[in-house]
Amino acid sequence: MTRAVRTPAGSRPALAAALVLTLVAGGFAAWTGQGWYAAAHDDTAAYAAERDRALAAGEQAVQNLNTLDHRQVDRGLDLWESSTIGELHEQLVDGREEFAGQVKAAKTVTTARVLSGAVTELDERSGRARLLVALRVTVTTPDSKSTDKDSRMLGELTRADGRWKLSGLGQAPVGGTATG
79 MTRAVRTPAG
89 SRPALAAALV
99 LTLVAGGFAA
109 WTGQGWYAAA
119 HDDTAAYAAE
129 RDRALAAGEQ
139 AVQNLNTLDH
149 RQVDRGLDLW
159 ESSTIGELHE
169 QLVDGREEFA
179 GQVKAAKTVT
189 TARVLSGAVT
199 ELDERSGRAR
209 LLVALRVTVT
219 TPDSKSTDKD
229 SRMLGELTRA
239 DGRWKLSGLG
249 QAPVGGTATG
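Sequence positions in the sequence shown follow the working numbering and run 79 to 258.
Here it is, written out as structure tokens:
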């Protein structure tokens with residue numbers, strides 16, 4: 079003879095509630111896991127990280143090329159050359175001696191501080207980027223007088239061996255044009 083197992087009358091709703099809660103928790107875990115996986119494998123995050131690397135390297139390179147101390151010209155020009163690539167690098171190397179002589183004769187100290195910057199274009203595949211940098215350049219003369227000048231620079235970056243370097247640099251136009 080078999081004996082039927084009896085459960086207390088109040089336990090069936092509790093068991094049903096526990097089962098429902100388990101299913102809801104499992105569904106929620108699957109949904110959030112899928113969202114986490116999608117975010118971790120999203121190209122947008124990788125693109126943003128590469129943009130940030132390009133911006134940091136570009137800002138530093140623009141600051142380097144606007145900073146030079148007549149007492150340490152060779153060190154400063156070495157930094158310029160290590161921050162650049164391509165035609166810009168070749169121009170700096172070719173004009174190094176003449177420029178060093180001019181800076182030593184003027185006996186000036188020029189320091190730059192980046193105020194803000196932004197990457198305006200980024201092509202990860204070709205390893206090219208463009209940026210706009212606002213900076214404050216302070217020039218100190220031999221008589222210890224200093225002058226501040228704010229400027230905006232447009233730069234081009236090229237990625238080589240996993241590092242972004244400045245391949246072009248110019249003054250950004252200031253102001254707008256009048257329309258008639």
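Here a beta-carbon is modelled for each residue, glycine too, at the ideal position from N, C-alpha and C. Predicted, not measured: the structure shown is a model, and the values here were computed from it.
Under 9 Å between C-beta atoms of residue i and residue j
i	j	result
S245	T145	no
V211	K227	no
G233	L209	yes
V140	L213	yes
R153	V187	no
V215	R129	no
V151	E159	no
A132	A238	no
K223	H167	no
As assigned by DSSP and simplified to three states, the class of residue i
i	result
R174	helix
G240	coil
A250	coil
K185	coil
R90	helix
S245	strand
G258	Residue placement at G258 cannot be trusted, given a pLDDT of 45 that sits under 50; what the coordinates show is reported in the next sentence. Three-state DSSP puts G258 in coil, outside helix and strand.
S160	helix
D221	coil
Pick from the options that is closest to residue i, judged by C-alpha positions
i	options	result
G240	E176, E202 and M231	E202
Q138	L235, A96, A250 and L93	L235
G195	A108, L97 and A135	A135
F177	A116, L143 and S204	L143
A20	A94, Q112, D147 and D120	With the chain covering only 79 through 258, there is no way to say anything about residue 20.
G164	V98, A94 and L247	L247
G179	A118, L155 and L101	L155
P220	K182, G253 and R191	K182
Paired residues, beta bridge with residue i - DSSP
i	result
L200	A207
E234	R208 and G246
L146	T188
D228	R214
G195	V211
Requested in this report: Report the residue ranges of all alpha helix (DSSP H) runs contained in full by the segment 97-143; include only those spanning at least 4 residues, in chain order.
Outcome: 121-143
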